Amino acid sequence: MQTITKEDIYTWLEDVKDPEIPVLSLVDLGVITNVTLDNNKVHIEMTPTFVGCPAMDMMKQDVSDMLRSKGIEDISINISFKEPWTSDKISEKGKQALKQFGLAPPPPGNLFSDIDILEHAACPRCNGTNTDLKNPFGPTLCRSIHYCNDCREAFEQFKPL
Amino acid sequence: MDNLALKELLYKIADDQLILGHRNSEWTGMGPLLEEDIAFSSMAQDKIGQSHALYSILHELGEQDPDTIAFTRNAEQFHNCILTELPNGEYDFSLMRHFFYDTAEIIRFDMLTVSSYKPLAELAVKVRAELRYHTLHANTWIKQLGNATEESIARLQRSLDHALPYALGIFEESPYEKQLIADGIFEGEVALMENWKNRVEEIIEQTQLHLPGWSTLNPVYGGRSGKHSEHLQPLLDEMSEVFKIDPGAEW
Numbered sequence: 001m002q003t004i005t006k007e008d009i010y011t012w013l014e015d016v017k018d019p020e021i022p023v024l025s026l027v028d029l030g031v032i033t034n035v036t037l038d039n040n041k042v043h044i045e046m047t048p049t050f051v052g053c054p055a056m057d058m059m060k061q062d063v064s065d066m067l068r069s070k071g072i073e074d075i076s077i078n079i080s081f082k083e084p085w086t087s088d089k090i091s092e093k094g095k096q097a098l099k100q101f102g103l104a105p106p107p108p109g110n111l112f113s114d115i116d117i118l119e120h121a122a123c124p125r126c127n128g129t130n131t132d133l134k135n136p137f138g139p140t141l142c143r144s145i146h147y148c149n150d151c152r153e154a155f156e157q158f159k160p161l
Numbered sequence: 162m163d164n165l166a167l168k169e170l171l172y173k174i175a176d177d178q179l180i181l182g183h184r185n186s187e188w189t190g191m192g193p194l195l196e197e198d199i200a201f202s203s204m205a206q207d208k209i210g211q212s213h214a215l216y217s218i219l220h221e222l223g224e225q226d227p228d229t230i231a232f233t234r235n236a237e238q239f240h241n242c243i244l245t246e247l248p249n250g251e252y253d254f255s256l257m258r259h260f261f262y263d264t265a266e267i268i269r270f271d272m273l274t275v276s277s278y279k280p281l282a283e284l285a286v287k288v289r290a291e292l293r294y295h296t297l298h299a300n301t302w303i304k305q306l307g308n309a310t311e312e313s314i315a316r317l318q319r320s321l322d323h324a325l326p327y328a329l330g331i332f333e334e335s336p337y338e339k340q341l342i343a344d345g346i347f348e349g350e351v352a353l354m355e356n357w358k359n360r361v362e363e364i365i366e367q368t369q370l371h372l373p374g375w376s377t378l379n380p381v382y383g384g385r386s387g388k389h390s391e392h393l394q395p396l397l398d399e400m401s402e403v404f405k406i407d408p409g410a411e412w
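Heads up: the sequence lines are chains V and D, in that order. Numbering follows my numbering, with no gaps: position 66 of the first sequence is 66. Numbering follows my numbering, with no gaps: position 52 of the second sequence is 213.
Structure representation (structure tokens):
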């Protein structure tokens, strides 16, 4: 077997998607916090978006399955909070993917100090901010519900955290 | 570092989260409006997830695995404060409890971000960020309904008066208080309570609700040492009903 590199691993993990947002890779989501290689033994560090995220086990399994499909047998995956996830960890590419999927990408986390930042989220369809926050809690822990007064349609935002 | 003190701290926080998480989940499908149904369900998911993370730390310290800890203990083995186990009652009570408890909880996790016990400090950074949504939710509704109609104000005032002595029970001191402070693990319940009182006053002052004088209140203690109200055991029986049918089941 050819020697694999860290870059190979990251490239493969680009194909492992968030189970709830199939356009967003785990790498772009920012939940892969470290990859280390030691003689074809691969160690992955992951961190959940929200502590109670029920998709974490599935993501872990998907990462393991992907690496196995590439012929890697010695895999360890550790989930920790050493480098906690924040919405700022979503890559620019990831934010674009979210928007195309119809989910408003999160504004920078440091701006979220009060409800105001959530009150007028930019609509992913028209980019306008003539919108209202309907609920800071949405269909999953990481999404809030908004309404665009111009498009007259509801939309969801990936929550800043 | 003495693990007994640390474990006691972890158990009481985790048990609070699990029990209140379960109470919140009882609003699923029953909320007064769809948005509140979703909000309490989401907060339930957060809290139960956070309790799982704390039980996992306990597991690493030699305790049983999280499911065993959560589903096989009896009421007297739980360290949650009595406030969290009280039945949901009407929406006004659930909201007031949510406000009192989550205000304390976010301050507690804020204090724990500088804990000398690293795994807890790391988790606290994460939990604190998530809890901002909970306190945001509580503050928004307390301010809205605390200034709305005669009925909403009267209902919230009644719930405030009823819940407050129980809320003070959050801060029942542990036998290890001095040690936790000396070891830099946690600054202690007294410091937490002082911050909490200030934060509660700050929000209630923006409403037409009134806080009684703190010195006139008799805190309801007991939960931290396993002396619970009659409401906890039925909750535990219901929560663990499925688990107990087949404890070894693979999910």
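The C-beta atom is built at its ideal place from N, Cα and C for all residues, glycine as well. Please read these numbers as outputs of a predicted model, since none were measured by experiment.
The straight-line gap separating the alpha-carbon atoms of residue 214 of chain D and residue 284 of chain D is approximately 8 angstroms. Three or more Cβ pairs closer than 8 angstroms define a contact, and the segment 313-331 of chain D meets that threshold against the segment 248-255 of chain D.
When Cβ pairs closer than 8 angstroms are counted between the two stretches, the segment 339-353 of chain D is seen to touch the segment 265-272 of chain D, the count reaching three or more. A Cβ-Cβ separation of about 5 angstroms places residue 86 of chain V in contact with residue 109 of chain V under the 8 angstroms criterion. Short of 7 angstroms from the beta carbon of residue 342 of chain D, and not among the five residues preceding or following it, lie these beta carbons of its own chain, in chain order: 348 and 349. With the rule of 3 Cβ pairs closer than 8 angstroms, the segment 188-202 of chain D does not count as touching the segment 50-67 of chain V. The beta-carbon of residue 167 of chain D is placed no less than 9 angstroms from the nearest beta-carbon of chain V. Remark: C-beta atoms of residue 383 of chain D and residue 330 of chain D approach each other more closely than 9 angstroms. With contacts defined as CB atoms closer than 9 angstroms, residue 236 of chain D and residue 387 of chain D qualify as a contacting pair. Taking a C-beta cut-off of 9 angstroms against chain D, the contacting residues of the segment 134-147 of chain V are 134, 135, 136, 137, 138, 139, 140, 141, 144 and 145, listed in chain order. If you check the CB distance, residue 66 of chain V and residue 56 of chain V do not come in under 9 angstroms. By the criterion of a C-beta distance shorter than 6 angstroms, residue 130 of chain V is surrounded in its chain by 149 and 150, once the five residues flanking it on both sides are discounted. If you check each beta-carbon in the segment 199-217 of chain D against every beta-carbon of chain V, the ones closer than 7 angstroms belong to 199, 200, 203, 206, 207, 209, 210, 211 and 214. Within the same chain, Cβ atoms closer than 7 angstroms to the Cβ of residue 177 of chain D are found at 241, 242 and 245, the five residues on either side in sequence being excluded. Distance from the Cα of residue 82 of chain V is smallest, within the candidate group D/311, D/205, D/256 and D/279, for D/279. Judged by DSSP secondary structure, residue 41 of chain V falls within the beta strand (DSSP E) whose first and last residues are 41-46. The contact set of residue 298 of chain D on chain V, defined by CB atoms closer than 8 angstroms, consists of 136 and 137 in chain order. For residue 43 of chain V, the CB contacts under 6 angstroms within the same chain, skipping 5 residues up- and downstream, are 36 and 76 in chain order. Under the Cβ criterion (8 angstroms, minimum of three pairs), the segment 289-303 of chain D counts as touching the segment 260-267 of chain D.
Within chain D, no residue has its beta carbon less than 9 angstroms from that of residue 89 of chain V; the closest one is some 12 angstroms off. Inclusion of residue 314 of chain D and residue 306 of chain D in the CB contact set at 9 angstroms is warranted, their separation being smaller than that value. Neighbourhood of residue 287 of chain D in chain V, by CB distance below 7 angstroms: 51, 81 and 84, in chain order. Interface annotation for the segment 263-294 of chain D against chain V: 283, 284, 286, 287, 288, 290, 291 and 294, criterion Cβ-Cβ distance under 7 angstroms. For the pair residue 124 of chain V and residue 103 of chain V, the CB atoms are nearer than the 9 angstroms cut-off.
For residue 154 of chain V, the three-state secondary structure derived from DSSP is strand.
Counted as a single uninterrupted DSSP element, the beta strand (DSSP E) harbouring residue 131 of chain V occupies residues 131-135. Relative to the Cα of residue 73 of chain V, the nearest Cα in the group V/40, V/49, V/101 and V/153 belongs to V/40. Minimum Cα-Cα distance from residue 187 of chain D among the listed residues D/337, D/399 and D/357 corresponds to D/399.
If the five residues before and after residue 79 of chain V are omitted, its C-beta is found closer than 6 angstroms to the C-beta atoms of 46, all from its own chain and listed in chain order. Inter-segment contact for the segment 287-296 of chain D and the segment 205-224 of chain D is present: three or more beta-carbon pairs are separated by less than 8 angstroms. Residue 196 of chain D has a beta carbon lying within less than 9 angstroms of a beta carbon in chain V. For residue 18 of chain V, the closest of V/98, V/70 and V/26 by C-alpha to C-alpha distance is V/26.
Within the segment 72-104 of chain V, the complete beta strand (DSSP E) segments at least 3 residues long are 75-79, listed from N- to C-terminus. Excluding its 5 nearest sequence neighbours in each direction, residue 14 of chain V has C-beta neighbours in its own chain below 7 angstroms: 25 and 27, listed in chain order. Nearest in C-alpha terms to residue 7 of chain V, of all of V/34, V/22 and V/29, is V/34. In the structure shown, residue 401 of chain D adopts coil according to DSSP, grouped into three states.
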